[in-house]
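K.L.:
When you line the sequence shown up against UniProt numbering, it's residues 8 to 488, in that order.
Ideal Cβ positions, reconstructed from N, Cα and C, are used throughout, including at glycine.
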Amino acid sequence: ELGGSVTIVVLGASGDLAKKKTYPALFGLYRNGFLPEQTHIVGYARSSLDLNTFIERVTEHIKVTGDDAALLTRFVAKLSYISGSYSNDEGFQALNDHVSSWEQHQETCHRVFYMALPPSVFVEVARGLKRNVYNSRGSNRIIVEKPFGRDLDSSRELGKQLSQLFDELEIYRIDHYLGKEMVKNVMTVRFANIFFSQIWNRMNVDNIQITFKEPFGTEGRGGYFDDFGIIRDVMQNHLLQVLTLIAMEPPISTDSEAIRDEKVKVLRCIPPISLDDTLLGQYVGTEDGSKPGYLDDDSLSNKNSKTPTFASTVLWVQNERWEGVPFILKAGKALNAAKVEVRIQFRNVAGSIYRGAARNELVLKVQPDEAVYVKFNNKLPGLSYDTIQTDLDLSYRHRYTDLRIPDAYESLILDVLRNDHSNFVRHDELDASWKIFTPLLHQIDQHDPALEIHPYTYGSRGPQALDAFVARYGYDRSTSD
Ligand code: BG6
């Protein structure tokens, strides 16, 4: 769709994110015909690597067989690598010369800068790019990854520095959860089905739970993680984004700014989280010693760390639609399963003649194995009038057998090429999300004595206090699977 040449510059190309996500996603797009043939992909980082070593590294996570092997060879021909400093202009000038070399004969040139970088070098790289690699013959788009600061003030500061360099519409703040198939499906489920849109409110919904479970700990990533904790790592961003899509009012259209306007509005209805509505935990090793505790991790320097690896927080959306309905967020590392899902529990039927009937529940399973299913009550077939709870089940694996579900990064990079901001976080949205979490995060950072960090065993369901905690908000475990 973009006329002229397209250059994608991956900053931090020798790092983990580039290798695990960015390059495999770019290949996925290429394989499916979504990268214009005249695309160049340039890696830039500090390590001096020869091209072959670099290519080996960034293709390490790309698995191909048969015809795809030939495609990979063609894809690799588009890759180049330049090493240079993040702090002085020379490297960026060399990068600019390199990019200009194939742009000379093009009328329009588009440059996409993918910042796969640690936050410490982020602003200086953005400055170096602006001074030396910013293109005046077409568009510039800059893709940035979290962390966007660590609280409201630092996020605002970062935002200020970035806005001096790039226009808001040139900036794409990635939250990769917004690229996940089931997360992209939330608006469709809500706004294209009358039987959901009509009951999506406090009159019918009892509570909503958004869960993120990982079965592994921070192994080897303790250095990064200890500075952030589970709330900054996945809750303030990924889970809150899901909540926003579940809770927002219908946008006036599918236009990206119309969607983002509604997201900001609903976030502004959520007051900061209170200590009372929070349960924190940190994992400990298993008794038999087969799995380590968080504090046993060699990459962790503070052996007395109180950083939570598990959190459950309850958010309240104070508007006409949701007043009084708890949104229970729950996220943890080193738990008993790998699972991300949204569970909407409806109220009991008023004055029901079927006393034993369970509540209706709608589940959106984000991963693994995308599914939408509704738990509802049915008459047990046969000569009885007993009620049985059963599922209306849309499992993607069974229903959409011929369709390939793209990786979140593939979907988001394609959005950038299409200039579609719908699935990216706007500056005011980011600000509103930090407002909700910052007071709590500061209380955690300052070790507020009211905040107990509950130990839980690696591989368990979380802290023992969890069941009683969620039950306080009306969550009924009996229907869960
Ligand atoms: C990242 C977090 O943003 O999301 C990681 O930093 C987490 O800690 C990851 O593991 C989860 O993403 P996904 O796509 O594997 O669910």
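Compute the Euclidean distance between the alpha carbons of N147 and R118, then round it to the nearest angstrom.
P.N.:
Reading the sequence shown from its first residue, position 140 is the one you call residue 147. Reading the sequence shown from its first residue, position 111 is the one you call residue 118. Distance between the alpha carbons of N147 and R118: 5 Å.
K.L.:
Sorted by chain position, which residues of the same chain lie with C-beta nearer than 7 Å to L302's C-beta, five sequence neighbours on each side aside?
P.N.:
Residue 302 sits at position 295 when you count from the first residue of the sequence shown. So the qualifying residues of the chain are K310, S312.
K.L.:
Which one or two residues does DSSP pair with V13 in a beta bridge?
P.N.:
Looking up residue 13 in the sequence shown gives position 6. Paired residue(s): T46, H117.
K.L.:
Select from G227, V241, T225 the residue whose C-alpha is nearest the C-alpha of F219.
P.N.:
Position 212 of the sequence shown, counted from the first residue, corresponds to residue 219. If we check each option's Cα against that of F219, V241 comes out closest.
K.L.:
Apart from the five residues on each side of it in sequence, which residues of its chain come closer than 6 Å, Cβ to Cβ, to R328?
P.N.:
For the purposes of this step, residue 328 is taken as residue 321 along the sequence shown, with counting starting at 1. Excluding positions up to five away in sequence, the list reads N208.
K.L.:
In chain order, which continuous runs of the alpha helix (DSSP H) of length 4 or greater are located wholly inside the region 373-407?
P.N.:
The qualifying runs are 403-406.
K.L.:
Take L419 as the anchor and find which of D295, E97, R180 has the nearest alpha-carbon.
P.N.:
Within the sequence shown, residue 419 is the residue found at index 412, counting from 1. Among D295, E97, R180, the Cα nearest to that of L419 is on R180.
K.L.:
Considering only residues of the same chain and omitting the five flanking positions on each side of Y93, which have a CB-CB separation below 7 Å?
P.N.:
Here residue 93 refers to the residue found at position 86 when the sequence shown is read from its first residue. Result list for Y93: R53, V128, E131, V132, G135, in chain order.
K.L.:
Please return the same chain residues whose Cβ sits closer than 6 Å to the Cβ of N214, not counting the five positions on each side in sequence.
P.N.:
Position 207 of the sequence shown holds residue 214. Correct list, in chain order: P333, Q352, Y480, G481, Y482.
K.L.:
Cα separation between F41 and L421?
P.N.:
For the purposes of this step, residue 41 is identified with residue 34 of the sequence shown, where counting begins at 1. For the purposes of this step, residue 421 is identified with residue 414 of the sequence shown, where counting begins at 1. Taking the straight line from one Cα to the other gives about 7 Å.
K.L.:
Could you check how far apart the C-beta atoms of L287 and L159 are, in whole angstroms? I think they sit under 8 Å.
P.N.:
Along the sequence shown, read from residue 1 onward, the residue named residue 287 stands at position 280. Along the sequence shown, read from residue 1 onward, the residue named residue 159 stands at position 152. Contact doesn't hold; Cβ gap of about 20 Å is too wide.
K.L.:
For a test of the three-state rule: what should DSSP assign to M122, helix, strand or coil?
P.N.:
Against the sequence shown, residue 122 aligns to sequence position 115. M122 falls in the strand class under three-state DSSP.
K.L.:
Determine the contact status of V271 and D427, defining contact as a CB-CB distance below 7 Å.
P.N.:
By one-based count along the sequence shown, residue 271 stands at place 264. By one-based count along the sequence shown, residue 427 stands at place 420. Not a contact, by the Cβ cut-off of 7 Å.
K.L.:
Rounded to the nearest angstrom, how far is the Cβ of A123 from that of P222, given a contact under 8 Å?
P.N.:
Along the sequence shown, read from residue 1 onward, the residue named residue 123 stands at position 116. Along the sequence shown, read from residue 1 onward, the residue named residue 222 stands at position 215. Not a contact, Cβ separation roughly 26 Å.
K.L.:
Mind listing, in chain order, the continuous alpha helix (DSSP H) runs of no fewer than 4 residues lying wholly within the region 168-227?
P.N.:
188-198, 201-204, all fully within the region 168-227.
K.L.:
Rounding to the nearest angstrom, what Cα-Cα distance links S308 and F235 in this structure?
P.N.:
Translated into positions along the sequence shown, residue 308 becomes position 301. Translated into positions along the sequence shown, residue 235 becomes position 228. Answer to the nearest angstrom: the Cα atoms are 14 Å apart.
K.L.:
Check whether the region 182-192 touches the region 246-254, taking contact to mean three or more Cβ pairs, one atom from each stretch, closer than 8 Å.
P.N.:
In short, these stretches touch, since the Cβ pair count reaches three.
K.L.:
Return the CA-CA distance between R354 and Q396, expressed in angstroms with no decimal places.
P.N.:
The residue given as residue 354 occupies position 347 in the sequence shown. The residue given as residue 396 occupies position 389 in the sequence shown. Cα to Cα, R354 sits roughly 15 Å from Q396.
K.L.:
Going by DSSP, which residues form a beta bridge with G288?
P.N.:
Your numbering for residue 288 matches position 281 in the sequence shown. Per DSSP, F317, H461.
K.L.:
Does the beta-carbon of D452, which I'm using as the reference point, lie nearer than 6 Å to any heavy atom of the ligand BG6?
P.N.:
Along the sequence shown, read from residue 1 onward, the residue named residue 452 stands at position 445. Every heavy atom of the ligand BG6 is 6 Å or more from the Cβ of D452, so no.
K.L.:
Compare the Cα-Cα distances from A365 to each of K382, M210, L86, R350 and report the closest residue.
P.N.:
Residue mapping note: residue 365 aligns to position 358 of the sequence shown, counting from 1. The shortest C-alpha separation from A365 is found at K382.
K.L.:
Thinking Y465 and G292 are a contact (beta carbons under 8 Å), I'd like their distance in whole angstroms, please.
P.N.:
The residue you call residue 465 lines up with position 458 of the sequence shown. The residue you call residue 292 lines up with position 285 of the sequence shown. At roughly 6 Å, the Cβ-Cβ gap stays under 8 Å, so Y465 and G292 are in contact.
K.L.:
For T85, which residues of its own chain have a beta-carbon under 7 Å away from its beta-carbon, when the five flanking residues on both sides are left out?
P.N.:
Mapped onto the sequence shown, residue 85 falls at position 78. As written in the sequence, residue 85 is Lys, which differs from the Thr given in the question. Cβ within range, chain order: T46, H47, I48.
K.L.:
Using 10 angstroms around the beta-carbon of S485, count the other beta-carbons present and answer buried if the total reaches 16, otherwise exposed.
P.N.:
By one-based count along the sequence shown, residue 485 stands at place 478. Exposed, by the Cβ-count rule.
K.L.:
Check whether the Cβ atoms of A101 and D414 sit closer than 7 Å, and answer yes or no.
P.N.:
Locating residue 101 in the sequence shown gives position 94, counting from the first residue. Locating residue 414 in the sequence shown gives position 407, counting from the first residue. The answer is no: Cβ separation not under 7 Å.
K.L.:
Rounded to a whole number of angstroms, what is the C-alpha to C-alpha distance between C116 and N103?
P.N.:
Looking up residue 116 in the sequence shown gives position 109. Looking up residue 103 in the sequence shown gives position 96. So the two alpha carbons sit approximately 13 Å from each other.
K.L.:
Within 10 Å of its beta-carbon, does Q111 have 16 or more other beta-carbons around it, so buried, or fewer, so exposed?
P.N.:
Mapped onto the sequence shown, residue 111 falls at position 104. Per the 10 Å Cβ criterion, exposed.
K.L.:
Excluding sequence positions up to five away, which residues of its chain have a Cβ less than 7 Å from the Cβ of E114?
P.N.:
One-based indexing of the sequence shown puts residue 114 at position 107. G11.
K.L.:
Run the CB neighbour count on T14, radius 10 Å, all protein chains shown included, and call it buried at 16 or more, exposed below.
P.N.:
Here residue 14 refers to the residue found at position 7 when the sequence shown is read from its first residue. When all chains shown are included, T14 counts as buried.
K.L.:
For a test of your reading of the model: does the CB of D398 fall under 6 Å from any non-hydrogen atom of the ligand BG6? Yes or no.
P.N.:
Looking up residue 398 in the sequence shown gives position 391. The answer is no for D398.
K.L.:
Going straight from the alpha carbon of E330 to that of Q450, what length do you get?
P.N.:
To locate residue 330, count along the sequence shown from 1; it is residue 323. To locate residue 450, count along the sequence shown from 1; it is residue 443. Roughly 26 Å between the two C-alpha positions.
K.L.:
For the region 314-371, list the beta strand (DSSP E) runs that are entirely contained and at least 3 residues long, ordered along the chain.
P.N.:
Qualifying beta strand (DSSP E) stretches, in chain order: 317-323, 333-339, 346-353.
K.L.:
Based on the DSSP secondary-structure assignment, which residues constitute the bridge partners of F431?
P.N.:
The residue you call residue 431 lines up with position 424 of the sequence shown. For F431, which the question treats as bridged, DSSP gives the partners I181.
K.L.:
Rounded to whole angstroms, what is the Cα-Cα separation between D304 and I259?
P.N.:
Translated into positions along the sequence shown, residue 304 becomes position 297. Translated into positions along the sequence shown, residue 259 becomes position 252. Taking the straight line joining both Cα atoms gives about 49 Å.
K.L.:
Spell out the partners DSSP gives R138 in its beta bridges.
P.N.:
On the sequence shown, position 131 is the one that residue 138 refers to. DSSP output for R138 lists no bridge partner at all.
K.L.:
Straight-line CA distance for E377 to E188?
P.N.:
Working through the sequence shown from its first residue, we reach residue 377 at position 370. Working through the sequence shown from its first residue, we reach residue 188 at position 181. Each residue's Cα considered, the two are about 8 Å apart.
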